[in-house]
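Engineer:
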Amino acid sequence: MVKDLLVILIASSLVNNVVLSQFLGLCPFLGVSKKTETATGMGVAVIFVITLASAVAGAIYKYILVPLNITYLQTIVFILVIAALVQFVEMFLKKFIPSLYQSLGVYLPLITTNCAVLGVALTNVQKNYGIGTGIVNGFATAVGFTISIVILAGIREKMTYNDIPESFRGMPIVLVTAGLMAIAFCGFSGLL
Numbered sequence: 057m058v059k060d061l062l063v064i065l066i067a068s069s070l071v072n073n074v075v076l077s078q079f080l081g082l083c084p085f086l087g088v089s090k091k092t093e094t095a096t097g098m099g100v101a102v103i104f105v106i107t108l109a110s111a112v113a114g115a116i117y118k119y120i121l122v123p124l125n126i127t128y129l130q131t132i133v134f135i136l137v138i139a140a141l142v143q144f145v146e147m148f149l150k151k152f153i154p155s156l157y158q159s160l161g162v163y164l165p166l167i168t169t170n171c172a173v174l175g176v177a178l179t180n181v182q183k184n185y186g187i188g189t190g191i192v193n194g195f196a197t198a199v200g201f202t203i204s205i206v207i208l209a210g211i212r213e214k215m216t217y218n219d220i221p222e223s224f225r226g227m228p229i230v231l232v233t234a235g236l237m238a239i240a241f242c243g244f245s246g247l248l
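Counting from 57, one number per residue, gives the positions in the sequence shown under the numbering used here.
What follows is the structure, given as C-alpha cells:
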C-alpha cells in the first residue's frame with residue numbers, strides 16, 4: 057500500500073506533471089510566474105485547494121452520488137466544491153495575508169476555473185481511487201504544479217537580465233522556456 061502511494065506521489069508530481077505533460081492549469085502557470093514569491097503563494101493556495109477538493113469530491117462521489125445513482129452530476133458538483141474552497145482561500149488570504157492577496161490579483165479567483173483542479177477530481181474518479189489515495193494524488197499533483205510554477209518564475213526572474221531578441225521578448229520566450237521545461241520533465245518518465 058505504501059509502495060503504491062509512493063508511486064502515485066512520484067508519478068503525479070514529476071512524471072505526469074499536470075502543467076508540463078497534461079497541459080492543465082496553464083493560465084496561472086503563465087500569468088503568476090513572474091516572481092518566485094507570487095508563484096510560491098499561488099502554489100501553496102493550489103496545494104490547499106486541490107488536496108481539500110480531492111478529499112471532499114471523493115467523499116461526495118462515494119457517499120452521495122454513487123448511492124443515489126446520480127454520478128452524471130459529478131462535474132457540476134465538483135465545480136461547486138472547488139468554487140467554495142477557492143472562496144474560502146480568497147477570504148483567508150484577504151484577511152491574513154493581504155500582500156499575497158494583492159499580488160495574486162485576478163489569478164486567485166481563477167483557481168475556480170483552473171482545469172487542473174477539476175482534472176484531479178475527475179482523474180480520481182476515473183481511476184477508482186479511494187478517498188485516501190485520491191488525497192495523495194491531489195496533493196502530489198498540486199506539488200508538481202508548485203514545482204513547475206516556481207521553477208518557471210525563477211527562470212523568468214533571471215531572464216530579465218538577459219539580452220533577448222526583440223521578437224522573443226515577453227510571452228514568446230516564456231512559452232519556449234515552458235516547452236524546454238516540459239522536455240526536461242519527460243526525463244522523469246524513467247523513474248517509474
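The beta-carbon is built from N, C-alpha and C at its ideal position, and this holds for glycine as well. Every value quoted in this text rests on a predicted model; they were computed, and no experiment measured them.
Could you tell me whether the stretch 133-147 touches the stretch 212-228, using the rule of 3 or more Cβ pairs below 8 Å?
Structural biologist: Verdict: no, contact absent.
Engineer: Assuming the contact rule is C-beta atoms closer than 8 Å, L80 and A172 should be a hit. Round their C-beta distance to whole Å, please.
Structural biologist: The pair is a contact, with the Cβ atoms about 4 Å apart (cut-off 8 Å).
Engineer: Ordered along the chain, which non-local residues of its own chain (more than five positions away) have a Cβ less than 6 Å from that of F241?
Structural biologist: The answer, listed in chain order, is N73 and L76.
Engineer: Determine the closest residue to Q158 out of E146, T169 and V206, with distance taken between C-alpha atoms.
Structural biologist: Minimum Cα distance to Q158 is reached at E146.
Engineer: Mind reading off the beta-carbon distance from G190 to N180? Whole number of angstroms is fine, and I expect it under 8 Å.
Structural biologist: Indeed they touch by this definition, with Cβ atoms about 4 Å apart.
Engineer: Three or more beta-carbon pairs under 8 Å between the stretch 104-120 and the stretch 161-177, yes or no?
Structural biologist: The stretch 104-120 vs the stretch 161-177: in contact.
Engineer: Would you say V102 and T94 are within 8 Å of each other, going by their C-beta atoms?
Structural biologist: No. Outside cutoff.
Engineer: Output the distance between the C-alpha atoms of K59 and I66, rounded to the nearest integer angstrom.
Structural biologist: Approximately 11 Å between the Cα atoms of the pair.
Engineer: If you draw a straight line from the C-alpha of P165 to the C-alpha of Q143, how long is it?
Structural biologist: When rounded, the distance between both Cα atoms is 8 Å.
Engineer: Please name the residue in V71, L156 and Y117 whose C-alpha comes closest to that of K91.
Structural biologist: Selected option, being the one with the closest Cα: L156.
Engineer: Measure the C-alpha to C-alpha separation of I126 and V133 and round it to an integer number of angstroms.
Structural biologist: Cα-Cα distance, rounded: 10 Å.
Engineer: Ignore the nearest five residues each way along the sequence and tell me which others in N184's own chain have a CB closer than 8 Å to its CB.
Structural biologist: Within the same chain, N184 has no close Cβ partners at all.
Engineer: Beta carbon of L160, beta carbon of G99: below 8 Å?
Structural biologist: No, the pair does not count as a contact, with Cβ atoms beyond the cut-off.
Engineer: In whole angstroms, give me the CA-to-CA distance for S245 and V192.
Structural biologist: Those two C-alpha atoms are separated by around 19 Å.
Engineer: If we ignore side chains and look at the alpha-carbon of each, how far apart do C83 and I135 end up?
Structural biologist: Between C83 and I135, the C-alpha separation is close to 17 Å.
Engineer: Comparing C-alpha positions only, which one of Y117, K150 and T197 sits nearest to V63?
Structural biologist: Considering only alpha carbons, the answer is T197.
Engineer: What is the C-beta distance between L86 and V206, in whole angstroms, given that I count them as a contact (C-beta under 8 Å)?
Structural biologist: That belief does not hold up - the Cβ atoms of L86 and V206 are roughly 14 Å apart, past 8 Å.
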